[in-house]
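In the working numbering, the protein residues as written are 219 to 434.
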């Protein structure tokens, strides 16, 4: 399944578009010299930009989702469902936003990031009829200081049947993110993290204590 999401909370860095907009208001017959710095800014904005892709990683504290059977037991024999994020492959591209820009000060570029997320799924308890489990996970964008700029929660739907309930399965999700930016040079300073959306109990039981606050 493919999901699309647009990050919107990226702060402005610079507004070259304002310079370009100001050039277009002169009458066609009026020959007024355009300063070199304005020409250079316009050329830079209109030319095709290149960039280094933002980093993508799995958040260690939220890599595993464990659901226990009803009751007080919380050891390995009480596990009902065990899901792990095993791999995230990604691509990125830079695209001119074109008609998406509603005002000159809007970001002129979109970083388009495609995420292919692989889940390893195992149900430890046999079932008598088909069942669907909805497992929440999120994709978050971090700035260069490690602070969350924006976060979006998704849900992956896992289907089980009596015949396959005890077999290990691989499930995949495809996510497309659009990240509006002003300054292409800072694209590599952002980081995208993928994690399960865990409850407090699940966080307390995780074997990876680092980054726990970011998994909530």
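All C-beta atoms, glycine included, are put in the ideal place defined by N, C-alpha and C.
Source: prediction; values computed, not measured.
Find out if the Cβ-Cβ distance for the pair residue i, residue j is shorter than 8 Å.
{"i": "residue 329", "j": "residue 412", "result": "no"}
{"i": "residue 343", "j": "residue 287", "result": "yes"}
{"i": "residue 341", "j": "residue 299", "result": "yes"}
{"i": "residue 350", "j": "residue 415", "result": "no"}
{"i": "residue 348", "j": "residue 386", "result": "no"}
{"i": "residue 357", "j": "residue 397", "result": "no"}
{"i": "residue 380", "j": "residue 345", "result": "yes"}
{"i": "residue 319", "j": "residue 423", "result": "no"}
For residue i, which of helix, strand or coil comes out of DSSP?
{"i": "residue 316", "result": "helix"}
{"i": "residue 345", "result": "coil"}
{"i": "residue 277", "result": "coil"}
{"i": "residue 270", "result": "coil"}
{"i": "residue 358", "result": "strand"}
{"i": "residue 409", "result": "strand"}
{"i": "residue 365", "result": "coil"}
{"i": "residue 418", "result": "helix"}
{"i": "residue 423", "result": "helix"}
{"i": "residue 300", "result": "strand"}
{"i": "residue 246", "result": "Residue confidence for residue 246 is low, a pLDDT of 41 falling below 50, so the modelled location carries little weight and cannot support an answer."}
{"i": "residue 379", "result": "coil"}
{"i": "residue 370", "result": "strand"}
For residue i and residue j, which I take to be in contact (beta-carbon distance under 8 Å), what is that distance rounded to the nearest angstrom?
{"i": "residue 435", "j": "residue 308", "result": "A query on residue 435 cannot be resolved here, the shown segment of the chain reaching from 219 to 434 and no further."}
{"i": "residue 389", "j": "residue 410", "result": "Going by Cβ atoms, the distance from residue 389 to residue 410 rounds to 20 Å, so no, they are not a contact pair."}
{"i": "residue 399", "j": "residue 325", "result": "5 Å"}
{"i": "residue 275", "j": "residue 302", "result": "At roughly 15 Å, the Cβ-Cβ gap does not stay under 8 Å, so residue 275 and residue 302 are not in contact."}
Residue i: which of the options sits nearest, CA to CA?
{"i": "residue 273", "options": "419, 422, 416, 405", "result": "405"}
{"i": "residue 359", "options": "353, 351, 369, 350", "result": "369"}
{"i": "residue 295", "options": "284, 303, 337", "result": "284"}
{"i": "residue 314", "options": "391, 366, 402, 305", "result": "402"}
{"i": "residue 269", "options": "331, 418, 317, 292", "result": "331"}
{"i": "residue 304", "options": "337, 327, 318, 322", "result": "337"}
{"i": "residue 366", "options": "407, 312, 318", "result": "407"}
{"i": "residue 306", "options": "391, 421, 271", "result": "391"}
{"i": "residue 311", "options": "322, 317, 421, 395", "result": "395"}
Can you pull the DSSP bridge partners for residue i?
{"i": "residue 401", "result": "According to DSSP, which records beta bridges pairwise, residue 401 is partnered with nothing at all."}
{"i": "residue 309", "result": "332"}
{"i": "residue 338", "result": "302, 388"}
{"i": "residue 292", "result": "Its beta-bridge partners do not exist; DSSP assigns none."}
Could you confirm whether any beta carbon from chain B is found closer than 8 Å to the beta carbon of residue i?
{"i": "residue 376", "result": "Considering every chain present, this structure includes no chain B. It has just one protein chain."}
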